[in-house]
Every structure is written in structure tokens, then in C-alpha cells.
Amino acid sequence: MKGAEKGGVKLLLAPAIIFVLLLFLYPFAYGLFLSLTTEDGGFTLSNYAKFFGNARDFRTIWVTLQISVPVTFINVALAIPFAYYMRRGLKGERILTFFLIVPITLGTVLVSEGMLTFMGPNGWLNQLLLFLHIVKEPFRFTHNYLGVVLSLALQGFPYAFLMLLGYVSGINPDLEKASQMLGANRWQTFWRVLFPLMVPGIAIAFSLNFVMAFSVFPSAVLLGEPSGPTRVISIAAYQQAFEKFNFNAASAISMIMAAIELIVISLILMWRSRMYKGASIVGKG
Amino acid sequence: MKDFKTISVRHMTKRFGDKTAVSDFSLEFGKGEFVTFLGPSGCGKSTALNCVTGLIPITSGEIWIDDECIDNADHQIPPEKREFGMVFQNYALFPHLSVAENVAFGLKLRKLKKAEVAKRVDDALRLVHLEGYAHKFPAQMSGGEQQRVAIARCVVLEPRLLLLDEPLSNLDAKLRIELRYELKALHERLKVTTIYVTHDQTEALALSDRIVVLRSGKIQQVGSPTKIYSDPANMFVADFMGFRNRWPAKIESIEEKGPTLVAKFSAAGSTLEAHLAYPADDPRRVSLLAAHKAGAAVTTAIRPEDLALGDGASNHIRCTAEIVEYQGNASQVGAVAGAGVRVDFRSGTSVAEGEALSVSVPPDKILLFAAEDQDSGAGVGP
Numbered sequence: 007m008k009g010a011e012k013g014g015v016k017l018l019l020a021p022a023i024i025f026v027l028l029l030f031l032y033p034f035a036y037g038l039f040l041s042l043t044t045e046d047g048g049f050t051l052s053n054y055a056k057f058f059g060n061a062r063d064f065r066t067i068w069v070t071l072q073i074s075v076p077v078t079f080i081n082v083a084l085a086i087p088f089a090y091y092m093r094r095g096l097k098g099e100r101i102l103t104f105f106l107i108v109p110i111t112l113g114t115v116l117v118s119e120g121m122l123t124f125m126g127p128n129g130w131l132n133q134l135l136l137f138l139h140i141v142k143e144p145f146r147f148t149h150n151y152l153g154v155v156l157s158l159a160l161q162g163f164p165y166a167f168l169m170l171l172g173y174v175s176g177i178n179p180d181l182e183k184a185s186q187m188l189g190a191n192r193w194q195t196f197w198r199v200l201f202p203l204m205v206p207g208i209a210i211a212f213s214l215n216f217v218m219a220f221s222v223f224p225s226a227v228l229l230g231e232p233s234g235p236t237r238v239i240s241i242a243a244y245q246q247a248f249e250k251f252n253f254n255a256a257s258a259i260s261m262i263m264a265a266i267e268l269i270v271i272s273l274i275l276m277w278r279s280r281m282y283k284g285a286s287i288v289g290k291g
Numbered sequence: 002m003k004d005f006k007t008i009s010v011r012h013m014t015k016r017f018g019d020k021t022a023v024s025d026f027s028l029e030f031g032k033g034e035f036v037t038f039l040g041p042s043g044c045g046k047s048t049a050l051n052c053v054t055g056l057i058p059i060t061s062g063e064i065w066i067d068d069e070c071i072d073n074a075d076h077q078i079p080p081e082k083r084e085f086g087m088v089f090q091n092y093a094l095f096p097h098l099s100v101a102e103n104v105a106f107g108l109k110l111r112k113l114k115k116a117e118v119a120k121r122v123d124d125a126l127r128l129v130h131l132e133g134y135a136h137k138f139p140a141q142m143s144g145g146e147q148q149r150v151a152i153a154r155c156v157v158l159e160p161r162l163l164l165l166d167e168p169l170s171n172l173d174a175k176l177r178i179e180l181r182y183e184l185k186a187l188h189e190r191l192k193v194t195t196i197y198v199t200h201d202q203t204e205a206l207a208l209s210d211r212i213v214v215l216r217s218g219k220i221q222q223v224g225s226p227t228k229i230y231s232d233p234a235n236m237f238v239a240d241f242m243g244f245r246n247r248w249p250a251k252i253e254s255i256e257e258k259g260p261t262l263v264a265k266f267s268a269a270g271s272t273l274e275a276h277l278a279y280p281a282d283d284p285r286r287v288s289l290l291a292a293h294k295a296g297a298a299v300t301t302a303i304r305p306e307d308l309a310l311g312d313g314a315s316n317h318i319r320c321t322a323e324i325v326e327y328q329g330n331a332s333q334v335g336a337v338a339g340a341g342v343r344v345d346f347r348s349g350t351s352v353a354e355g356e357a358l359s360v361s362v363p364p365d366k367i368l369l370f371a372a373e374d375q376d377s378g379a380g381v382g383p
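Chains X and G, in that order, are what the protein sequence lines are. According to this note's numbering, the first sequence holds residues 7 to 291 in order. According to this note's numbering, the second sequence holds residues 2 to 383 in order.
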């Protein structure tokens with residue numbers, strides 16, 4: 007009876023496994039295959055060699071890291087105090103959460119369009135800054151590095167925040183009381199108890215935010231300077247695929263993207279295991 | 002550790018919105034005393050404890066340590082500066098720190114030298130019989146072991162006051178008794194002033210120098226375990242301490258024989274006599290006499306173990322056994338007497354369900370309470 011139940015439970019996993027196989031593993035394997043072949047189907051490493059040999063393409067790694075790493079740090083660093091202050095719930099928490107989720111639901115393109123208008127040379131933001139005499143002429147928020155960073159922060163912060171909020175509010179509140187009773191002030195309690203317990207959540211939030219920022223495309227095109235300073239690696243891949251119709255070279259660039267993301271995630275997970283040795287997240291026996 | 006003579010809580014009150022969780026709570030703790038807050042869940046005992054620590058700010062009242070005011074509702078010394086130690090029901094060990102690091106947590110905050118920290122951690126772990134556990138993590142230990150770490154983590158700092166909030170409630174019955182013995186031995190040894198919160202009367206009786214019975218945020222009675230056990234101040238305390246036979250009664254005559262009240266009354270279908278050791282100024286005596294004068298109904302309070310099967314010298318009650326629970330050395334019998342009242346008693350000899358019985362109770366084992374005593378303290382939320 008029990009065995010049959012177990013078998014039944016395993017069967018329930020089947021749709022999810024098929025879904026992952028079809029929509030993730032198959033395209034990934036096919037992409038890897040494409041990247042290692044010529045257009046006629048023969049094995050080659052030239053697709054990779056071409057990317058690393060072309061200075062304009064090779065640069066995009068550095069350009070993308072310059073955007074994605076600071077954005078990820080900003081998002082996570084901002085999310086930590088927000089999550090900390092909201093861990094026991096606040097008045098108006100729902101409204102705040104609503105405003106944080108809106109940018110996610112609207113989608114990148116709509117948010118970027120909105121930012122172009124709002125932050126553009128004639129937008130409300132510059133009008134206000136001019137009116138208050140903070141700037142003498144319109145400040146360039148868009149069509150540059152700053153524009154991409156701002157848009158990624160707007161999109162990525164809610165993810166980081168919601169993820170960390172789940173983590174912090176799951177920490178047994180008695181741990182904070184215990185720390186306080188042992189003589190720790192708020193600051194010491196945060197750094198010695200809450201932060202170490204948040205590390206796994208911070209690592210996940212950082213990883214996901216980094217992957218999202220590293221694969222940036224629409225914001226880099228709409229809010230940046232896609233021909234130069236914000237020509238990110240996904241633009242290079244796009245141009246290979248849909249301007250030069252070289253899917254093999256485009257696949258190679260995608261594989262390089264994946265490799266860089268995996269390296270960064272491994273670094274984060276190494277940091278996590280150094281920081282967090284305990285076996286369980288909750289303080290209950 | 003700063004030395005002191007008494008900790009004095011004066012008129013401490015805590016309100017949450019329009020609910021009063023702790024009401025006009027006043028008590029003095031002598032140095033080295035073991036005091037237990039006892040009461041059912043929601044009686045305010047944990048809130049009172051948290052108010053003393055400062056973790057829950059008080060609404061009004063004062064807390065003094067000798068002539069130092071640590072809390073007067075406006076000016077509160079924060080919990081981390083009170084030098085109190087607290088043990089939680091769910092242990093609250095830091096899961097990311099080893100046992101040794103947990104115990105060292107407070108010592109490191111006090112910026113002690115490394116060698117001193119190591120020595121004191123070792124001593125504290127030996128005290129709770131956890132030598133060799135220093136490098137384990139909380140998740141690898143049983144509940145009883147974790148609670149010992151939590152105790153070590155507090156006593157290593159030599160707190161002025163140790164507060165334990167239902168520390169044994171999450172443990173199974175056997176461990177609970179073991180750790181209870183250890184707590185007692187630890188207190189004998191360290192003589193640290195202790196406040197202990199529990200809903201378990203056995204724990205309270207076994208551990209305490211004094212017990213404070215709480216109901217709806219109000220103190221019902223303060224006294225030694227023997228006092229609380231044998232001489233409850235009102236019906237609520239009596240009920241909580243196991244006086245399970247509460248029968249409606251009508252007093253027929255009452256006579257004052259020196260300090261003793263001799264009351265003849267009818268209850269459970271019989272005419273019974275009670276000898277009540279209520280002193281002259283006792284509110285129980287005053288309200289009982291008033292109830293008799295007004296012809297009002299009163300209530301008995303008798304322990305099941307004070308009722309004996311068979312014809313005793315006096316106070317016979319005829320009843321029919323309804324439920325018999327075998328409990329090893331004796332049986333717990335639930336019987337029905339005249340007027341439909343339920344009679345609970347313990348019997349060493351076997352009793353059949355449905356059997357007609359006669360039980361008796363000595364007159365000095367009966368307590369009588371006027372109705373108003375049952376209601377004292379009511380009217381406030383949990």
C-alpha cells in the first residue's frame with residue numbers, strides 16, 4: 007500500500023519533469039549542439055573563437071558585468087533593510103507590496119517606455135529638478151548607462167525584496183529576543199543573528215537578480231546606448247541571430263552567457279557556505 | 002554581577018488596546034528566591050514575565066532593584082542592559098552557531114578575553130552535563146539537550162534575575178521530569194533569583210519557594226507551595242490545584258468556634274458538615290457569612306483523594322459509579338450522587354461501573370466558597 011502510494015506520488019511529478027525536459031533541457035542541449043557545429047553540421051570551435059577574437063564582441067562581457075554587478079549589489083543591499091523593517095508586518099504593507107509588484111507585472115518594455123517619458127529631457131522629473139533649481143539644464147537619465155541601471159533596479163528590487171522578506175519573517179522572533187536578553191543591542195542582533203540567518207536568502211536573491219541583470223536586453227536597447235556603452239552581450243547574440251542570421255554563432259554567445267552566470271552563481275554559493283554553517287533555518291527543535 | 006537584596010514590581014499594568022493583559026501586579030522578589038507564575042493559558046503569566054524583562058513595554062507601574070528604578074513606563078532600561086537571563090519554551094538557540102558559540106554569545110558581547118570566554122563556556126557546559134557537545138549544532142541535538150544549552154547560555158553570564166518561560170513544555174513527559182530535577186539542583190547550587198512561568202501545577206509545587214497564581218492578568222494568591230496546595234484563597238485557585246468536587250451547596254447553619262467555622266450544609270443529596278479554618282479577617286470567612294445571611298448558594302471544593310470509599314465517621318454521600326478509570330495503584334471513579342452532581346474520588350479497591358456506593362469525607366477536608374469568590378478577577382480578556 008505504502009509503496010503504491012509512493013509510486014503514485016512520483017507519477018505526479020511527471021508533468022513537471024516533462025515540462026522541464028521539453029522547455030529547458032532540450033533547447034539548452036540543442037543550443038549547445040548548434041554552438042559546436044558549422045552551418046553544414048560539422049564539429050567546430052570557430053563560433054567561440056570568433057566571439058573571443060572580435061574585440062567589439064568580447065568587450066560586451068565587461069560591459070554587461072559593469073551593468074549587472076552594481077545593479078545586483080544595489081538591489082540586494084536595498085532589499086535587506088526593507089525586509090528587516092517589514093519582517094513583523096507594517097501598516098500599509100499591502101499597498102507597499104502592491105507598488106513593488108506593479109513593475110514586475112507591467113513587463114520590461116512598458117516600464118522602459120514609461121521611464122523614457124518620465125525621466126526624459128522634457129519629462130516630469132527633469133521639470134521638477136529644473137523648477138527646484140537643482141539642475142541648470144535637463145539631466146540625462148536615459149539613453150545611457152544610468153538609464154539601464156535605473157530600469158534594472160526598478161525591475162529587480164521587488165524580486166530581491168519579496169524573496170528576502172520571506173526569509174526574514176521566517177526567522178523565529180524569539181531568537182531576536184534571546185539575543186537582546188544576552189546583552190546585544192539592535193545593531194549587534196542584526197549582524198550576529200539575523201544577517202547570518204539571512205545569508206541563504208541573500209545568496210538566492212543575489213543569484214536570481216544577477217542572472218536577470220546579466221541577460222538584460224529590452225532596457226539596454228530602449229533606455230541605453232545599444233550601439234556603444236550599453237551594447238550588452240545579449241545584443242551581440244541578437245545581432246548574430248537576427249541581423250546576420252548566424253544561429254551557430256548566436257548559440258555560442260548564449261553558451262558563454264550561461265557559463266559566466268554559472269561562474270558568478272558558484273562564487274555566491276561558495277560565499278554562502280563560508281558564511282552559513284548551521285543546519286536549519288528555524289530556531290525550533 | 003551587581004549584588005542586590007530585592008527586586009520589586011509595583012502596580013505593573015499592561016494593556017493591549019482595550020484589553021488588560023496584566024493588571025496592577027505587585028510583588029517583591031528576594032535574592033535567591035524561586036518564584037513561579039502559575040495559571041492557565043491566557044492568564045497573563047507570560048506577558049507579566051516579558052514585562053519584567055522589558056521585552057514588552059509596560060503601560061504603567063514601576064520595577065525597582067533595591068533603590069534603582071529600572072522601569073517606570075516612561076523611562077525604561079532596555080532589556081539588554083538589565084542583566085537578566087531568559088530561557089524560552091522553544092529554546093531559541095542560534096541555529097547558525099555551535100553549542101560553544103551559543104554559550105559564548107553574551108560573553109563575547111561583554112568583550113571578555115578569549116581564554117576567559119573559553120573557560121567560562123567549559124564551566125557552564127559542565128554545569129548542565131553537556132561536556133563534549135561544544136562543537137555540535139542545535140539542530141543535531143534533542144529538545145532536552147537544546148534547553149540545557151539555553152540554560153547554560155544564560156547562567157554563564159551570572160544574571161541578576163533568571164526568567165524561564167515554560168521551559169519544559171516542549172519536552173516529552175520523561176525528559177520533563179529529568180530536567181525539572183536538574184533545574185532544582187541548579188538553583189540549589191547557584192542560588193540565582195528565578196522567575197518561572199508554567200501552567201503545570203506539579204512543576205510549580207516541585208520547584209518553587211513561592212507560587213503566584215494568576216487569572217485574567219490579576220494575582221489570585223501568592224504563597225508557598227503548601228499554602229497554595231492546601232489553603233487556596235478562592236474557587237479559581239482551588240479548582241486549579243485539583244479540588245475537583247465542586248458541588249452547589251446550601252448552608253443550613255454556621256457556627257463560629259474560635260478560628261474555625263463549623264458549617265452544616267446540604268449538597269450532593271446529603272447533609273454534610275465542614276470545619277473551615279478561615280481566620281477572622283479572611284475574605285473567605287466574610288463572604289461566606291454574608292452568603293449565609295442572604296440565603297445564597299455556595300460551592301464546595303473537595304479533592305478526589307480526600308473522599309474515601311465506605312462508611313467513614315461522618316459526611317456520607319450515596320452515589321452510583323459511572324466511569325472507572327484504572328490508573329495502576331488506584332482507580333479514578335466518576336460517580337453521580339443525588340441532585341445529579343458528579344462525585345470524583347480515588348479508590349484503592351476495584352469498583353464496577355453502575356455499582357451503588359457510599360463515600361465519606363472528613364469535615365476538615367471540605368472548603369466552602371461563596372459565589373462571589375468564583376468570579377473574582379473575571380471580566381478581563383486573555
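Where is the CB? At the ideal position from N, CA and C, for every residue including glycine. Since the structure is predicted, the reported quantities are computational estimates derived from the model, not experimental observations.
The ligand MG and residue i: does any heavy atom of the ligand fall closer than 7 angstroms to the residue's C-beta?
{"i": "H200(G)", "result": "Among the components of this structure there are no ligands whatsoever, and the ligand MG is therefore not found."}
Residues of chain X with CB under 9 angstroms from residue i, in chain order?
{"i": "T54(G)", "result": "K183, Q186 and M187"}
{"i": "S85(G)", "result": "Per the sequence shown, residue 85(G) should be read as Phe rather than Ser. Under the 9 angstroms cutoff, chain X gives M187."}
{"i": "L158(G)", "result": "L188 and G189"}
Output, in chain order, the set of chain G residues within a Cβ distance shorter than 9 angstroms of residue i.
{"i": "Y282(X)", "result": "H97"}
{"i": "L275(X)", "result": "The contacting residues do not exist; L275(X) stays about 16 angstroms from chain G at best."}
{"i": "Q194(X)", "result": "E81 and L110"}
For residue i, which residues in chain X fall below 8 angstroms Cβ to Cβ?
{"i": "A268(G)", "result": "Result: empty, since nearest Cβ-Cβ is about 47 angstroms, beyond 8 angstroms."}
Near residue i, which residues of its chain fall below 7 angstroms by C-beta distance, leaving aside the five closest residues on each side in sequence?
{"i": "A278(G)", "result": "P260 and T261"}
{"i": "A258(X)", "result": "S41, N53, Y54 and F57"}
{"i": "R237(X)", "result": "T66 and V69"}
{"i": "A89(X)", "result": "F167, L170, L171 and V174"}
{"i": "K192(G)", "result": "G33"}
{"i": "K6(G)", "result": "K32 and D67"}
{"i": "Q186(X)", "result": "T195"}
{"i": "A385(G)", "result": "Given that chain G is displayed from residue 2 to residue 383, the structure contains no residue 385(G) and the question cannot be resolved."}
Sorted by chain position, which residues of the same chain lie with C-beta nearer than 6 angstroms to residue i's C-beta, five sequence neighbours on each side aside?
{"i": "L176(G)", "result": "G145"}
{"i": "V334(G)", "result": "A322, V325, F346, S348 and V352"}
{"i": "A101(G)", "result": "V122 and A135"}
{"i": "P173(X)", "result": "Residue identity differs from the one stated: residue 173(X) is Tyr in this sequence, not Pro. Taken in chain order, the residues that qualify are M204 and G207."}
{"i": "P305(G)", "result": "R245, D345, F346 and R347"}
By Cβ distance, which residues of its chain are closer than 8 angstroms to residue i, with the 5 residues on each side in sequence left out?
{"i": "E117(G)", "result": "L108"}
{"i": "P80(G)", "result": "T54, G55 and L56"}
{"i": "K120(G)", "result": "none"}
{"i": "S260(X)", "result": "G37, S41 and A243"}
{"i": "N330(G)", "result": "G349"}
{"i": "I110(X)", "result": "Q161, P164 and Y165"}
Say whether chain A places a C-beta atom closer than 8 angstroms to the C-beta of residue i.
{"i": "R154(G)", "result": "Included in the structure are the protein chains X and G, with no chain A among them."}
At a CB-CB cut-off below 8 angstroms, which residues of chain G make contact with residue i?
{"i": "N178(X)", "result": "N91 and A93"}
Mind listing the chain X neighbours of residue i? Cutoff is C-beta to C-beta under 7 angstroms, in chain order.
{"i": "P80(G)", "result": "Q186 and M187"}
Mind pulling the chain G residues with CB within less than 7 angstroms of residue i?
{"i": "N191(X)", "result": "E81"}
(request) With 9 angstroms as the limit, tell me which residues of the stretch 36 to 49 of chain X have their beta carbon closer than that to any beta carbon of chain G; keep them in chain order. (result) The stretch 36 to 49 of chain X vs chain G, Cβ under 9 angstroms: nothing.
(request) Ignoring anything shorter than 4 residues or poking outside the stretch 171 to 210 of chain G, list the alpha helix (DSSP H) runs there in chain order. (result) With a minimum length of 4 residues, the continuous alpha helix (DSSP H) runs that stay inside the stretch 171 to 210 of chain G are 174 to 191 and 202 to 208.
(request) Can you check the stretch 18 to 99 of chain G for any alpha helix (DSSP H) of at least 4 residues that lies completely inside it and give the ranges in chain order? (result) For the stretch 18 to 99 of chain G, whole alpha helix (DSSP H) runs of length 4 or above, ordered along the chain, are 46 to 54.
(message) Check whether the stretch 227 to 239 of chain G and the stretch 47 to 67 of chain G touch, using three or more Cβ-Cβ pairs below 8 angstroms as the test.
(response) Contact between the stretch 227 to 239 of chain G and the stretch 47 to 67 of chain G is absent, because fewer than three Cβ pairs lie under 8 angstroms.
(request) Go through the stretch 231 to 268 of chain X residue by residue and report every complete run of the alpha helix (DSSP H) that reaches 4 residues or more, in order. (result) Runs found: 239 to 248.
(message) Under 8 angstroms, CB to CB, which of the residues in the stretch 101 to 127 of chain G have a partner in chain X?
(response) Cβ contacts with chain X: F106, G107, L110 and R111.
(message) Just to confirm the assignment: which complete alpha helix (DSSP H) runs, minimum length 4, are found wholly within the stretch 92 to 150 of chain X?
(response) Those alpha helix (DSSP H) runs which fall completely within the stretch 92 to 150 of chain X and span 4+ residues are 99 to 112, 114 to 125 and 130 to 137.
(message) Beta carbons nearer than 9 angstroms to chain G: which residues of the stretch 198 to 219 of chain X have them?
(response) Taking a C-beta cut-off of 9 angstroms against chain G, the contacting residues of the stretch 198 to 219 of chain X are R198, V199, P202, L203 and V205, listed in chain order.
(request) Quick one: which residues of the stretch 227 to 261 of chain G get their C-beta closer than 8 angstroms to a C-beta of chain X? List them in chain order. (result) Identification of residues in the stretch 227 to 261 of chain G having a C-beta nearer than 8 angstroms to some C-beta of chain X yields an empty set.
(request) With 7 angstroms as the limit, tell me which residues of the stretch 230 to 250 of chain X have their beta carbon closer than that to any beta carbon of chain G; keep them in chain order. (result) When CB distances to chain G are screened at a threshold of 7 angstroms, not a single residue of the stretch 230 to 250 of chain X falls below it.
(message) Runs of 4 residues minimum, wholly inside the stretch 173 to 218 of chain X: which ones carry the alpha helix (DSSP H) assignment?
(response) Fully enclosed alpha helix (DSSP H) runs of 4 or longer: 179 to 187 and 192 to 195.
(request) Could you tell me whether the stretch 84 to 100 of chain G touches the stretch 143 to 160 of chain G, where touching means 3 or more Cβ pairs closer than 8 angstroms? (result) By the Cβ test, the stretch 84 to 100 of chain G is in contact with the stretch 143 to 160 of chain G, since at least three Cβ pairs between them sit closer than 8 angstroms.
(message) Check whether the stretch 244 to 259 of chain G and the stretch 286 to 298 of chain G are in contact - that is, three or more C-beta pairs closer than 8 angstroms.
(response) Touching, per the Cβ criterion.
(request) Pull out every residue of the stretch 70 to 97 of chain X whose Cβ sits closer than 9 angstroms to any Cβ of chain G, in chain order. (result) Identification of residues in the stretch 70 to 97 of chain X having a C-beta nearer than 9 angstroms to some C-beta of chain G yields an empty set.
(request) Ignoring anything shorter than 3 residues or poking outside the stretch 231 to 262 of chain G, list the beta strand (DSSP E) runs there in chain order. (result) Runs found: 249 to 258.
(message) I'd like the ranges of any alpha helix (DSSP H) spanning at least 4 consecutive residues and lying wholly in the stretch 11 to 93 of chain X.
(response) Runs found: 32 to 41, 52 to 59 and 61 to 91.
(message) Three Cβ pairs or more, each shorter than 8 angstroms: is that satisfied between the stretch 63 to 70 of chain G and the stretch 35 to 42 of chain G?
(response) Cβ pair count under 8 angstroms is below three, so no.
(request) Could you please tell me which residues of the stretch 130 to 142 of chain X, in chain order, have their CB closer than 7 angstroms to any CB of chain G? (result) For the stretch 130 to 142 of chain X, which is checked against every Cβ of chain G, not one residue is closer than 7 angstroms.
(message) Counting only Cβ-Cβ distances shorter than 8 angstroms, please list the residues of the stretch 170 to 200 of chain G near chain X, keeping chain order.
(response) With the criterion set as a beta carbon lying under 8 angstroms from some beta carbon of chain X, the members of the stretch 170 to 200 of chain G are N171, in sequence order.
(request) Kindly confirm or deny that the stretch 89 to 103 of chain X and the stretch 124 to 137 of chain X touch, where touching means at least three C-beta pairs closer than 8 angstroms. (result) The stretch 89 to 103 of chain X, when compared against the stretch 124 to 137 of chain X, does not touch it at the 8 angstroms Cβ threshold.
(request) Please go through the stretch 125 to 163 of chain G and give each complete alpha helix (DSSP H) segment of 4 or more residues, from N-terminal end onward. (result) Taken in chain order, the unbroken stretches of alpha helix (DSSP H) that lie wholly in the stretch 125 to 163 of chain G and span 4 residues or more are 144 to 156.
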